[in-house]
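Asks: Residue numbers (full-length UniProt numbering): 1 to 387.
Idealized CB from N, CA, C, for every residue including glycine.
If you're wondering where the values come from, they're calculated on a predicted model, not measured in any experiment.
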Amino acid sequence: MTIAGPNSGTRPDDARRHNRTALLRRLHVDGPCTRATLASELGLNRSTIKAVVDGLAEAGVVTEAVPAQRSGAGRPSLLVLPEASAAVVLAVDVRVDQVSMAMVGIGGQILGRHSWNLHRTTRLPGEVITHVAESAQLLRDELGVREQSVGVSVPGVVRRADGLVFEAPNLGWREVGLGTRLEAVLGSPTAVGNDGDLGALAEHLRGAAREVADLLYLSADVGVGGGVIVGGVPFRGSTGYLGEIGHMIVKPGGRACFCGEQGCWETEVGEPALCRALGLPEDTPRGVLVAELRGLTRVDLLDEVRDWLVTGLVTAVNLLAPEMVVLGDLFAALPAALVERVREEVHVRSLVSRAGGGTRIEVSPLGRDGKLVGAAELAFEPVLGTV
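(1) Give me the Cα-Cα distance between Tyr217 and Gly246, rounded to the nearest whole angstrom.
(2) Whole angstroms are fine: how far does the CA of Glu127 sit from the CA of Gly179?
(3) Could you tell me the boundaries of the alpha helix (DSSP H) in which His347 lies?
(4) Which of the three DSSP states, helix, strand or coil, is assigned to Asn318?
(5) Whose C-alpha, out of Gly367, Glu344, Met103, Val352, is nearest the C-alpha of Leu138?
(6) Take Ala209 and list the residues in its own chain whose beta-carbon comes closer than 6 Å to its own, dropping the five residues that flank it on each side.
(7) Can you tell which of Leu38, Arg120, Leu289, Ala277 has its C-alpha closest to the C-alpha of Val299?
(8) What's the C-alpha gap between Thr48 and Ala39?
(9) Starting from Glu64, trace the beta strand (DSSP E) both ways and give me its first and last residue.
(10) Residues bridged to Leu111 by DSSP?
(11) Does DSSP put Asp195 in a helix, a strand or coil?
(12) Can you find the residues in the same chain that come closer than 6 Å, C-beta to C-beta, to Gly105, ignoring five residues on each side of it along the sequence?
(13) Could you tell me the distance, in whole angstroms, from the CA atom of Leu124 to the CA atom of Ala168?
(14) For Gln137, name the three-state secondary structure that DSSP assigns.
(15) Which same chain residues end up closer than 8 Å to Leu313 when comparing Cβ atoms and leaving out the 5 residues on each side of it in sequence?
(16) Taking the beta strand (DSSP E) that Phe166 belongs to, which residues open and close that run?
(17) Take Val363 as the anchor and find which of Gly356, Ala337, Gly385, Ala22 has the nearest alpha-carbon.
(18) Beta-carbon separation of Leu182 and Ile129 under 8 Å?
(19) So Leu372 is in the alpha helix (DSSP H); what residue range does that whole segment cover?
(20) So the candidates are Gly370, Val92, Val373, Pro322; which of them puts its Cα closest to the Cα of Gly356?
(21) Provide the residue(s) that pair with Arg360 in DSSP beta bridges, ordered along the chain.
(22) For Leu330 versus Leu198, is the C-beta spacing smaller than 8 Å?
(23) Between Asp141 and the ligand NAP, is there a pair consisting of the residue's CB and a ligand heavy atom that are separated by less than 7 Å?
(24) Which runs of the beta strand (DSSP E) spanning at least 3 residues fall entirely within the region 215 to 297, listed in chain order?
(25) Measuring only the C-alpha atoms, how far is Pro82 from Val61?
(26) Alpha carbon to alpha carbon, what distance is there between Leu118 and Arg140?
(27) Going straight from the alpha carbon of Ser149 to that of Phe166, what length do you get?
(28) Kindly list the residues whose CB is nearer than 6 Å to the CB of Val52, restricted to its own chain and excluding five residues on each side of it in sequence; keep chain order.
(29) For residue 424 and Val269, which I take to be in contact (beta-carbon distance under 8 Å), what is that distance rounded to the nearest angstrom?
(30) What residues match up with Asn117 in a beta bridge as DSSP calls it?
(31) Under the DSSP definition of a beta bridge, which residues are partnered with Arg159?
(32) For a quick check, are the C-beta atoms of Leu42 and Val96 less than 8 Å apart?
(33) At least one CB of chain C closer than 8 Å to the CB of Arg146: is that the case?
(34) Just to confirm, is the Cβ distance from Val152 to Ala15 under 8 Å?
(35) Using 8 Å as the threshold, is the C-beta distance between Arg267 and Arg286 below it?
(36) Measure from the alpha carbon of Ala213 to the alpha carbon of each residue in Leu296, Phe235, Gly279, then state which is nearest.
Listed below in C-alpha cells is the structure:
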C-alpha cells in the first residue's frame, strides 16, 4: 500500500483523504490497534496519525479504549477501534437453495441477518428481488440503520460493470439485470459478483488466506465455483466474467451439466456427486449431507470424488501456481483424512506444486458465511473512502 506523505507531490486534501482511507481500511480488515502500530504499518509520522485518528473520532467513526488485557507496567496504550455503525453495508448471498442477508458494520461486524429457503417456484428473479427488498426494510427498521452500499453474491456468470447475471445455470437465470433492478428497489448503490470470486475475497481478507498473495478458492454447493487472487488483488477478467472453474471439462462425454456441456468438473465433485457416492438421494437436505460427510468413517466411499477433485486441482495448480488453495462450502465438510490425501496427491502429480515446494491446501474457517462475507467486502470497497 502506498501512503501519501508530505513530499509525495499530492495536494494536502488528497493526502489527508488518502491517509484517512488507508487507516480506516487497516482497522476494518485487521481490527483494533494502537496509534503507534498504525504509524509503523502505514509509514506515517505520529503527528499525521494523531490528526487522522482525531478527525475520525470527532466524526464518530472510531473510538479509543484501554485494552481488555494489559501487560507490563505504566500507562497502557489506547486501542483505536472502528465504530461498527458508522458505515453499514447490506450483504446478500443468493444460492440455489437459500438466500442469506446481513447488515454489516465497519470491522466486519454482523449487526443483523435474515435468510430464507428457495424452491423451484421461488427462484424466479422477480421473486428473489422482491423478497430481498422486503427483508432489507425489515433489517433497517429493526436495527435503526440504513446501508450505504449493497454487495451481492450469485452462483453465475456476472458482468461486474452493471451486475448483469449473464447466466446462472443452477438457478435457471439468464440475462438478469440483477444489479440495476436491486439498486432501483433498494435505493442504494449495488455491486454484484460471482460467488466464487467473492469467496476468494473473503478468504483473503478474513479467512484462511489472510497473509497469502496468490490464492485459488474452490467451493462446492449444488455446483462448483472458484475465485482467484493474484498478487493480493482479485483477478476478475477483462469484463468480470470469471469464476466458472466448475465448468472445466474433465470427463469428455460424461454426465450432462446444467450449462449444456458434458463431463464438467462440478458433475463429478459437486453436491449431486457427493450424494451419489454416499448412496443418498440427490435431493438430500444440505444439513443431512454435511452431517454425513463430517461423520463418515468409510472414507473409501469418496474415492472417485477424490480422484476427480485431484484431477481438476492438478490442472488448476499447474495453470495458476497459487501459494494456497482454500476448500469452501461442502468441500470444507470433507473428512480430514480425505483432504490430506488430496494434498499429497496434488503435490505428487502437479509439476508446479513440486517445483514450488508444494501448494498449501487448506479448509475454509468461514463456513457457510464465506460468500456473505465476500459480498460485504465488495460493498465496502467504495464506502471506506467516503466515510
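Replies: In this structure, then:
(1) Tyr217 and Gly246 have their C-alpha atoms roughly 12 Å apart.
(2) Our two residues, Gly179 and Glu127, have alpha carbons roughly 15 Å apart in a direct line.
(3) Element bounds for His347: 336 to 349.
(4) Looking at Asn318 - three-state DSSP - the assignment turns out to be helix.
(5) Measuring from the Cα of Leu138, the nearest candidate turns out to be Met103.
(6) Excluding sequence neighbours, Ala209 sits near Glu203, Leu215, Met324, Val326.
(7) Selected option, being the one with the closest Cα: Ala277.
(8) Using only the alpha carbons, I get a separation of about 8 Å.
(9) Start and end: 62 to 65.
(10) Bridge partners of Leu111: none, in fact.
(11) The answer is helix: DSSP assigns Asp195 an H, G or I state.
(12) The residues are Ala84, Ser85, Val88, Leu111.
(13) Cα to Cα, the separation comes out at about 12 Å.
(14) Note: Gln137 maps to helix in three-state DSSP.
(15) Counting only residues of its own chain and dropping the five nearest sequence neighbours on each side, Leu313 has a CB closer than 8 Å to the CB of Leu218, Val325, Val342, Val346, Ser350, Ile361.
(16) Unbroken beta strand (DSSP E) run through Phe166: 164 to 168.
(17) If we check each option's Cα against that of Val363, Ala337 comes out closest.
(18) For Leu182 and Ile129, yes; Cβs fall inside 8 Å.
(19) Following the DSSP letters along the chain, one finds Leu372 inside the alpha helix (DSSP H) bounded by residues 370 to 380.
(20) Considering only Gly370, Val92, Val373, Pro322, the residue with the shortest C-alpha distance to Gly356 is Pro322.
(21) Looking at the DSSP output, Arg360 shares a beta bridge with Met324.
(22) Taking a C-beta distance under 8 Å as the contact criterion, Leu330 and Leu198 do not qualify as a contact pair.
(23) Although the ligand NAP was asked about, the structure shown includes no ligands whatsoever.
(24) Listed in chain order, they are 215 to 220, 224 to 230.
(25) Their Cα atoms are separated by approximately 6 Å.
(26) Each residue's alpha carbon lies about 23 Å from the other.
(27) One Cα belongs to Ser149, the other to Phe166, and the distance between them is close to 22 Å.
(28) Hits under 6 Å: Asn19, Arg20, Leu23.
(29) This structure cannot settle anything about residue 424, because the visible part of the chain is limited to 1 through 387.
(30) Note: Asn117 sits in a beta bridge opposite Gln98.
(31) Note: Arg159 sits in a beta bridge opposite Leu164.
(32) Going by C-beta atoms, Leu42 is not nearer than 8 Å to Val96.
(33) The structure shown contains no chain C; it holds only a single protein chain.
(34) The Cβ atoms of Val152 and Ala15 do not sit closer than 8 Å to each other.
(35) Note that residue 267 corresponds to Thr in the displayed sequence, not to Arg. Not a contact, by the Cβ cut-off of 8 Å.
(36) Of the candidates Leu296, Phe235, Gly279, the one whose C-alpha sits nearest the C-alpha of Ala213 is Phe235.
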